[in-house]
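Going by numbering that gives the first Met the number 0, the letters in the sequence shown line up with residues 0 to 695, in that order.
Positions of the beta carbon are idealized from the N, C-alpha and C atoms, including for glycine.
These numbers were taken from a predicted model, which means no experiment stands behind them.
See below for the structure under consideration.
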Amino acid sequence: MGSSFDKHGNIGIIRIDNPPVNAISVDVRLALVEGIRQLNADPTLQAGILLCAGRTFMAGADITEFGKPMASPILPEAIAVIEASAKPVIAALHGTALGGGFETALGCHYRVAVSTAKVGLPEVKLGLLPGAGGTQRLPRIAGVPAALEVILSGDPMSAKRAASLGVIDHVVEGDLLEGAIAFAQQVIAAGAKIPKMSERTIDTAALPPGFFATARAALLKDKRNLFAHQKIVDVVELATQVPFAEGLVGERAAFMACRDHPQSLALRHVFFAERAANKIVGVADTTARREVNRVGILGAGTMGGGIAMNFLNAGIPVTLLEVKQDALERGVGVIRRNYEATASKGKLTTEQVEQRMGLLQPTLEFTDLAQADLIIEAVFETMAVKKEVFTKLDAVAKPGAILATNTSYLSIDEIAAVTARPQDVVGTHFFSPANVMKLLEIVRGAATAPEVLATVTALARRISKVGVVCGNAYGFIGNRMLGAYAYQANLCALEGASPEQVDAAIRRFGLPMGPFQMWDLAGLDIGYRSRQDRAPGSYDERATRTADRLAQAGRFGQKTQAGFYDYVPGDRTPRPSAMVAALLEQVSQECGIERRVLSDETIVERCMLALVNEGCEVLGEGIAARASDIDIVYLYGYGFPAYRGGPMFWAEHALGLPVALEKIRAHAAAADPRWLKVSPLLEELVAGGKGFKDLR
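And the structure:
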C-alpha cells in the first residue's frame, strides 16, 4: 500500500494506491483520514482531491476482511471525516467506483469522472446492502426511485447516467487530474458553502402514492425469498422519514442483519467459489496459453449457433460448418434473428449486429476449418458420430489447434483416441441456450495438455462464461449429478406425484424450473439418444421408461408442442397432459410401483439430497476438484438458487452434514441398493466431524 498526500499549488492531492483495485483495507481507511487531516492542517491549501492510482478508483471492500472484525476506522467513520472537512473535497473517478468506493465518493463534496468511469452499489449481489451511508446519501442526490433501482439491481451505471442524476458534477474530457484541479479551482473561486449530502432533504411529494408498498410487492414476485432486497426498501424508506444521522443508525442495523443472514453467507461463498474455480489443480498459473484468434464450429443447430454467438460477441471470428445448405442457412438466420431481437430491445445497435454477423463465415467445406485455432463440434450426441467428426478434424486442423467436443455425457478419452493428437482434445460442455447460460464445463481428458486447459479456462472468461474444470466421467459433474436428481424426480412421478407437482415443489425451493419443464425445454430426444449408447443394466430403466416412450411417440418437448406437458404453438406455457398422466399410471403398474400421495417436502428432500449424495461421489472420484466447483456448476448451469449457495453448501450449512447423511440413509434404506447408495465420502466426513473444506 503506497498511498500519499501531495500539494499542487493550493490543492491537496490524496492519492490512494492499493493494487490491484484499491480495495478499501484498513490501511486505505487510515490514509483517507490522514489525508483529510493534512488537508485541513495546511493553511495554504483551499481544496482537496481524492484520486486513486492504477486502473481504477476504489472498487469496493477488501475481500480479505470478509467475515473478520473490522479494524478502526470503519468505512462510515472515514467517510464522516471526509464530509466534515472544512475544505471542499472532490472525488476524481476513473475505472469503477463500486460499493464502498462509491459510498466514499458520495461522502465527498463533489465528484468528477472520466467518461468511461462506472459507479454502483453491488452489495445486494452478496446478500448485503450498502453499509457506509449509500442508502441514505444516494436518495438525497439522485432521488428515491433512481436510488432504489441502483441499489436493488447492484449493477453499475455509466458516468453519463450518473451525471444525468446529479451524482457526478462534471465529466472530464482528457486527463483526470488536470480536469479535477480545474474543477477544484472553479469551486474555490465560487466561494460557495461546502455542500454536504447529509444536509440535503428528500422530496417525498414527488413519489407516487404507495411507492414503497408497490416496490415491496414487486420484490415478492420477482425476488421471492430474498432477504436483503426487502431490507434495502426498508432503509431507503427510512431515509425519507428520519434525519440523516438516524438513517445511518438504521442502515447499519440493517447491514448487520443482512451480513449475519444465511443468504449473505451463501452468496459470499459463491463469490469466492467462482474465483476458486479459475484455479486448475495441477496446472500452474504461469502455464503458457495458446492464441485463439479464430474459432471453428461444427453444427449450425440450436447449440452450435448459440456457441457461435459467444465468440462473435467477444469479437472473435467464427467459421460455422454444416453439411447441408438449408441447415446452414437456417442456422445463420436464427443467429441473425437473435441479434435483431436484442437490438429491438435497445441492447445492441444495428451497427453492432452487422459487425457481429460480419465475423461469421458460414461454410459447407471441412477444409475451411484449417485455419481455426479452436474447433468445437456440436453434432448429435452419439459416440459413432463424434468419432467420425474427430477423425475428419484430425486430418484437417492445423498443428496446435485445440479440438473440443460439446458432448454432454460421452468419454473425452474415447473421442480423443481416434486422433493422433489426444493432447489437443478437450471437452467444452456449453449449456443450453449456449448464448445465455454462463456455465462452461471444461473436461480434462487423460492426455489433455496443461496449456490446453489453461487456454480454454482463460477463453471462458473472455467470452463471459464461468469455466469449471472437471474430470472425464459419464456426465462429468453437472449431468452426472443430474442423473441422480432426475432419478428421484422420475420415481416421485411413478410413485404418485404429477410432473406439475414435482416442478412446483422444486420451483418453490428456488430453482427457476422443475425437472420435467427442463427436459421439455432441452428436448426429450437428447436424453433418449444418449441412452442408446449406454449399456443395459447401467441404469434403472424404470425411471426413464416414461420419457423414452414419450420420445418414441414423437413427444420431444417444446420443439414438438408435446412432451411431459402439452403446449400451444407459439406459447411455451406448460399445460398438464392427460396422456402423460395415463402413461405414468400405466408405467407404475408395469413396474409394480404402488402410487401414493407425496408431500412437496418429500419431493424436494429426495431430489436435493440425491444431488448432494452424488456430488460426494463426484468429489470422492476426483471428477470435481472442490465442493465449491460443484456449487458453481449447479448455480450457473442448472439455476440452483444462489442465495442457498449451491447443493453442497446448502447440505453443509443449511442442513448440516450429519442431518443430510441421516436423511440420505433413510431414503437409501427404502430404495433399490443398486441405484441409491450412501456415499462413503459423506460417511467419512461425518464420522470425522469434518466438512468439505477439509478435503484437500
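Query	Result
What did DSSP end up calling V235 once you bin it into helix, strand or coil?	helix
Could you round the C-beta distance between Q697 and L247 to whole angstroms and report it? I think they count as a contact, below 8 Å.	With the chain running from 0 to 695 in the structure shown, residue 697 is simply not present.
Return the CA-CA distance between N489 and A445, expressed in angstroms with no decimal places.	34 Å
Helix, strand or coil: which one does DSSP assign to Q560?	coil
Leaving out five residues on either side along the sequence, give the residues of the same chain with a beta carbon under 8 Å from the beta carbon of R528.	F379, E380 and T381
Report all residues from its chain with a CB closer than 8 Å to the CB of I374; omit the five preceding and five following residues, and keep chain order.	V294, G295, I296, L297, L368, L392, A396, A400, I401, L402 and A403
Quick test of your reading: P171 and G178, contact by CB under 8 Å. State the CB separation rounded to the nearest angstrom.	The sequence given here places Val at residue 171; Pro does not occur at that position. Right, their Cβ atoms sit about 3 Å apart.
Return the chain-ordered list of same chain residues with a C-beta closer than 8 Å to the C-beta of S2, the five sequence neighbours on each side being excluded.	I13, R14, I15, D16, N17, D26, V27, A30 and G34
Which residue from A283, A561 and Q370 puts its Cα closest to that of L319?	Q370
Select from F555, D630 and F563 the residue whose C-alpha is nearest the C-alpha of A276.	D630
Beta carbon of G645, beta carbon of V317: below 8 Å?	no
For the candidate residues G495, P121, F430 and G614, whose alpha-carbon lies nearest to that of Q588?	G495
Assign D524 to buried or exposed, taking buried as 16 or more other Cβ atoms, counted over all protein chains shown, within 10 Å of its Cβ.	buried
Alpha carbon to alpha carbon, what distance is there between G474 and M436?	18 Å
Where do the N-terminal and C-terminal ends of the beta strand (DSSP E) with P7 fall, by residue?	It should be pointed out that residue 7 corresponds to His in this sequence rather than to Pro. From DSSP, the beta strand (DSSP E) with H7 extends over S3 to H7.
Does A448 pass the burial test, meaning 16 or more other C-beta atoms within 10 Å, or should it be called exposed?	buried
Measure the alpha-carbon distance for P129 versus R223 and round it to whole angstroms.	20 Å
Pick out whichever of L311, K344 and A299 has its Cα sitting closest to the Cα of R323.	Checking the sequence, you will find Lys at residue 323 rather than Arg. It is A299 whose Cα lies nearest to the Cα of K323.
Among the candidates A550, H108 and K6, whose CA atom is the shortest distance from the CA of E198?	H108
Give me the Cβ distance between K6 and Q45, rounded to the nearest whole Å; I'm assuming they're in contact under 8 Å.	Incorrect: roughly 11 Å between the Cβ atoms, too far for contact.
Within its chain, find whatever has a CB closer than 8 Å to the CB of H228; leave out the 5 residues flanking it on each side and keep chain order.	V123, L151, L218 and K222
In terms of residue numbering, what span does the alpha helix (DSSP H) encompassing V425 cover?	First-last for V425: V424 to F429, but that is the beta strand (DSSP E), not the alpha helix (DSSP H).
Just to confirm my understanding: we take V586, look at its own chain, exclude 5 residues before and 5 after, and list those with CB closer than 7 Å. What are they?	L493, R544 and T545
Could you give the residue range of the beta strand (DSSP E) that holds Q360?	L359 to T362
Going by alpha carbons, who is nearest to A580 out of G569, G562, V567 and D202?	G562
Counting only the same chain and skipping the five closest in sequence on each side, list residues whose C-beta sits under 8 Å from that of R251.	P75 and G130
Suppose you measure from the CA of E321 to the CA of R329; what does that come to, to the nearest Å?	10 Å
Taking A77 as the reference, give the member of A116, G132 and I505 with the closest Cα.	G132
Tell me where the alpha helix (DSSP H) around D41 begins and ends.	First-last for D41: undefined, no H or E at that position.
How would you label T427, buried or exposed, when you count the other beta carbons within 10 angstroms and need 16 or more for buried?	buried
CA-CA distance, S410 and R443?	10 Å
Considering only C-alpha positions, which residue in the set A552, D599 and E604 is nearest to H666?	E604
Locate the beta strand (DSSP E) running through T572, then write down its first and last residues.	D570 to P575
Would you call A552 buried or exposed, if buried means 16 or more other Cβ atoms sit within 10 Å of its Cβ?	exposed
Who does S157 pair with in a DSSP beta bridge?	K117
Below 6 Å CB to CB, which residues in the same chain sit around K195 once its five sequence neighbours on both sides are set aside?	E82
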